[in-house]
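All remarks here apply to the structure that follows.
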Amino acid sequence: MNTFNQILRAALFLLLAIFGMIMALVFMASTAIAVAILYVVARIKGRPFGVRAYWEERRKPSTPSRAFNKKDVVDVEMREIP
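Below you can see the structure in the form of structure tokens.
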């Protein structure tokens, strides 16, 4: 009976390992497809595709039109309603 339990455990472990490998393969394939789509879109838009280009674009200072404008601040008076 002990041998049968060991064989059953080994078979279940093998089945779970194969299922895990299939899941990892699906994840890698979907990631490759997503990166390929991003690459094609970047090529169509004429932008460089890569980490360095992304970080250089993100480190640029924001445009002055997006900066905080003090004229947008409004002083509001609040009263308590009884």
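The sequence shown begins at 1 in UniProt numbering and counts up one residue at a time.
Every residue, glycine too, gets a C-beta built ideally from N, C-alpha and C.
* Going straight from the alpha carbon of residue 76 to that of residue 82, what length do you get? -> 19 Å
* Host alpha helix (DSSP H) of residue 40 (start-end) -> 2-45
* **Inter-residue Cα distance where the pair is residue 36 and residue 11** => 37 Å
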